[in-house]
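Protein chains: 2
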Amino acid sequence: MPDVRLSLAQAEDLVAEVLEANGASRAAARATAAALVAAEADGQAAHGLSRVSSYALQARSGKVNGTAVPVLTRPAPAVVRVDAGLGFAYPAIDLAIEALVPTARAQGIALAAIHHSHHFGQVGAHAERLAAAGLVALVFGNTPKAMAFYGGRAPMLGTNPLAFAAPLPQGDAPLVIDLALSVAARGKIVAAQKANKKIPDSWAVDAEGQPTTDPTAALAGTLAPIGGAKGGALALMVEILGAALTAGAFGWEATSFFEPQGKAPDMGHLFIAIDPGPASGNAFGARMTVLAEAMRADPAVRLPGSRRLAARQLATQQGLHIPDALHAEIRTLLQP
Amino acid sequence: MPDVRLSLAQAEDLVAEVLEANGASRAAARATAAALVAAEADGQAAHGLSRVSSYALQARSGKVNGTAVPVLTRPAPAVVRVDAGLGFAYPAIDLAIEALVPTARAQGIALAAIHHSHHFGQVGAHAERLAAAGLVALVFGNTPKAMAFYGGRAPMLGTNPLAFAAPLPQGDAPLVIDLALSVAARGKIVAAQKANKKIPDSWAVDAEGQPTTDPTAALAGTLAPIGGAKGGALALMVEILGAALTAGAFGWEATSFFEPQGKAPDMGHLFIAIDPGPASGNAFGARMTVLAEAMRADPAVRLPGSRRLAARQLATQQGLHIPDALHAEIRTLLQP
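Protein sequences, first through last, are from chains A and B. Under the working numbering, think of the first position of the first sequence as 2, with each following residue one higher. Under the working numbering, think of the first position of the second sequence as 2, with each following residue one higher.
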């Protein structure tokens, strides 16, 4: 496939220009462009440049408020609350992380609840930023409906991503876990449908609750959680942490991240940051050294996050390879 | 099977008497007996009276320090740290929960790290106590080695339970999620081995990393995590939260909860308690009402924790049915 090569800085400039041309403020456009390009560089294309078009069209229609300025309050000593103003998620996340780091250091643990927000993208990247500041991080959020309550048939819960990151000693990049609680991403089923291919019967059930290999039937049904009842329970946990505890929309209330029109998705995200010093009696670094050594002793074992780090390094050196069609689509958005 | 019926109070008295006869202090014996009987009443037999024998023999040998008095420190405003003194877990957990409730209310979120501890039993019951006090709770802990690092073959990580609980409005009992990250409990494989039965090939892999239906081969190999790589990553997350962040033993360092002799298992447990008011702008109760109504609208959907609640109600009314053999085994421990 022919492609265009852009440096990360060039890609960020292009995406920011597109978002500004569609009504976003400079600040929101820069924060959002940085997050999308970082996801693309990390090999997370589903949260990368493929989102530029829907983001820009939603800013144009007002479904996302491109000029929102996130507002931070401190309702308790160890809690910050950020109102994203129905704008893009990333400016609110930047503000939350900036406040979480000193608060977690001062209190030992701190929480940030973001509400009135939007798609929060590559969740592991947010957790990683907290871990790069020496904190252990948990991030939870729901997404528009895709999975049933366990036992049910109607799509209600999101695929419900969570991320975890922990600093590693000796200057290594943090260990980062980033996953959704569905067996497969919805995008993979859409791709199979387009390619006229079957899907594994573990990915989804049809509208009658029966496993299916037909992507069209799967898209009319619900995505399967990992591990049956256990993953279903974990998805409910993430729904409560990400939506109920932030006062965000539940999966069945949230509007699409892709459709240009309609009311705002109104998502919540929850961040927990822990200073490992007080919790562990300052033993955390030594314990993580033991853990990392045990994992590295087995060549078949990979430290989570390392694949993304390798992709990032390559993209930093060589730039991004952007498919021609995607690049052209993004450029047409420069003249709304 | 013939059985003995004891009221919950009678069962607690018997278990406490056994533990005291084997060297536990009165305080440790009462706290431990209460937790084991509560697990039995909730239908969690694996964390109930079946543990009395190993607990008593470990107290007798000194593998668990039956007279340990847990010590609480406050290394940061929102953090409590409890040294269980290589004693039973429950006295330390009682102390941690007692301190967590006011600390979480004052700070908005609070953390308790317990170390030098032992088997922490029915994890959901601990989270439930925090939720009964109006808090959202997360509890993490590892267990002695049973699962491989994802990609590896040697048992390293525990089955790694986690629990989550959230208060429900209108006087309903809390929603409680309590699960381990292995597909099946090790005890189920041991039971199949004893019964000379095959196991599903999704439960475990043999020492070569191949799926097996032979329980003996499975016990020589490792338990499978739910959801493949995703569950493997979550198990690693729980290992870091439960052990590295508390300065507890990793799964491969911990000694058996069952063998009477040897050095102490030295486990850690991590508790996070969140006051939902500040995080949610006081919207949490209303959001949980919407969620509970959506779940109850579908008769096929069950609120997690409700099955245990029903078992508890029955046991409270009718007492516990204890198999004769188990009752006799427990009574022999009265005269060490």
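Where is the CB? At the ideal position from N, CA and C, for every residue including glycine.
Open item on the list: Check this for me: beta carbons of residue 278/A and residue 285/A, under 8 Å apart or not?
Closed with: yes
Open item on the list: Contact defined as beta carbons within less than 8 Å: I believe residue 207/B pairs with residue 225/B. What is the distance between those atoms, to the nearest angstrom?
Closed with: Residue 207/B to residue 225/B, Cβ: 11 Å. No contact.
- [ ] Return no unless some Cβ of chain A is closer than 8 Å to the Cβ of residue 301/B.
- [x] yes
TODO: Please go through the same chain and pick out, in chain order, the residues whose beta-carbon is closer than 6 Å to the beta-carbon of residue 139/A, but skip the five residues on each side of it.
DONE: Taking C-beta separations shorter than 6 Å and ignoring five residues to either side along the sequence, the partners of residue 139/A in its chain run 165 and 273, following chain order.
- [ ] Kindly confirm or deny that the stretch 152-159 of chain B and the stretch 186-193 of chain B touch, where touching means at least three C-beta pairs closer than 8 Å.
- [x] no
Open item on the list: Quick check on residue 142/A - is its C-beta less than 8 Å from some C-beta in chain B?
Closed with: no
Task: Beta-carbon contacts of residue 36/A that lie in its chain and below 6 Å, excluding the five residues immediately before and after - done: 91 and 122
Task: Given 8 Å, three or more beta-carbon pairs between the stretch 22-29 of chain B and the stretch 44-62 of chain B - done: yes
TODO: Select from 109/A, 96/A, 67/A and 99/A the residue whose C-alpha is nearest the C-alpha of residue 78/A.
DONE: Measuring from the Cα of residue 78/A, the nearest candidate turns out to be 109/A.
TODO: Alpha carbon to alpha carbon, how far is residue 212/A from residue 201/A? Give it in angstroms, no decimals.
DONE: 9 Å
TODO: Name, please, each residue of chain B whose Cβ falls closer than 9 Å to the Cβ of residue 82/A.
DONE: 279, 280, 281 and 282
Open item on the list: Within the continuous beta strand (DSSP E) that includes residue 82/B, where are the two ends?
Closed with: 80-84
Task: Same chain, Cβ closer than 6 Å to residue 253/A, five either side skipped, listed in chain order - done: 146 and 157, listed in sequence order.
TODO: Take the Cβ of residue 172/B as the centre, count every other Cβ of all protein chains shown within 10 Å, and call the residue buried at 16 or more, exposed below.
DONE: exposed
Task: Exposure label - residue 311/A; buried when at least 16 CB within 10 Å - done: Label assigned to residue 311/A: exposed.
Task: Whole alpha helix (DSSP H) elements within the stretch 21-98 of chain B, 4-residue minimum - done: 27-42 and 53-62
TODO: Using DSSP bridges, identify the partner residues of residue 239/B.
DONE: In DSSP, residue 239/B forms no bridge with anything.
- [ ] Using alpha carbons as the reference points, say which of 131/A, 45/A and 204/A lies closest to residue 222/A.
- [x] 204/A
- [ ] Could you tell me if residue 30/A is buried or exposed, where buried requires 16 or more neighbouring beta carbons within 10 angstroms of its beta carbon?
- [x] buried
Open item on the list: Assuming residue 269/A is part of the beta strand (DSSP E), what are its boundary residues?
Closed with: 268-275
Task: Under 9 Å from the C-beta of residue 180/A: neighbouring residues of chain E - done: In summary, chain E is missing from the structure at hand, where the protein chains are A and B.
TODO: Take the Cβ of residue 340/A as the centre, count every other Cβ of all protein chains shown within 10 Å, and call the residue buried at 16 or more, exposed below.
DONE: Outside the displayed range of chain A (2 to 337) lies residue 340/A, so it cannot be described from this structure.
Open item on the list: On the criterion of 16 or more Cβ atoms from any shown chain inside 10 Å, does residue 308/A qualify as buried, or is it exposed?
Closed with: exposed
Task: Contact set between residue 265/B and chain A, taken where Cβ atoms lie within less than 9 Å - done: By Cβ distance, chain A contributes nothing, its closest Cβ being about 17 Å from residue 265/B, past 9 Å.
- [ ] Please list the residues of the stretch 16-28 of chain A that have a C-beta atom closer than 7 Å to any C-beta atom in chain B, keeping them in chain order.
- [x] none
Task: Classification of residue 338/B by the beta-carbon crowding that lies within 10 angstroms, buried from 16 upward - done: What the structure shows of chain B is the stretch from 2 to 337, and residue 338/B is not part of that stretch, so it cannot be assessed.
Open item on the list: Any beta carbon from chain B within less than 8 Å of residue 128/A's own beta carbon?
Closed with: no
TODO: Taking only beta-carbon positions, decide if residue 288/A is within less than 8 Å of chain B.
DONE: yes
Task: C-beta atoms of residue 267/B and residue 87/B nearer than 8 Å - done: yes
Task: Presumed contact (8 Å Cβ cut-off) between residue 320/B and residue 7/B, rounded CB distance - done: So it is a contact: roughly 6 Å between Cβ atoms.
Task: Exposure of residue 179/A, with buried meaning 16 or more beta-carbon neighbours within 10 Å - done: buried
- [ ] Report yes or no: is there a C-beta of chain A within less than 8 Å of the C-beta of residue 314/B?
- [x] no
TODO: Give every residue of the same chain whose Cβ lies closer than 8 Å to the Cβ of residue 1/B, excluding the five residues on either side of it in the sequence, and list them in chain order.
DONE: This structure does not reach residue 1/B, given that chain B is present from 2 up to 337, and the question cannot be answered.
Open item on the list: Can you list, in chain order, the residues of its chain with a C-beta nearer than 7 Å to that of residue 216/B? Leave out the 5 residues immediately preceding and following it.
Closed with: Once the five neighbours on either side are set aside, the close Cβ partners of residue 216/B are 190, 193, 194 and 200.
- [ ] Find the residues of chain A that neighbour residue 171/B, judging by a C-beta separation of less than 9 Å, and give them in chain order.
- [x] Under the 9 Å cutoff, chain A gives no residues; its nearest Cβ is about 15 Å from residue 171/B.
Open item on the list: Could you check whether residue 143/A and residue 80/A sit closer than 8 Å to each other, using their CB atoms as the reference points?
Closed with: no
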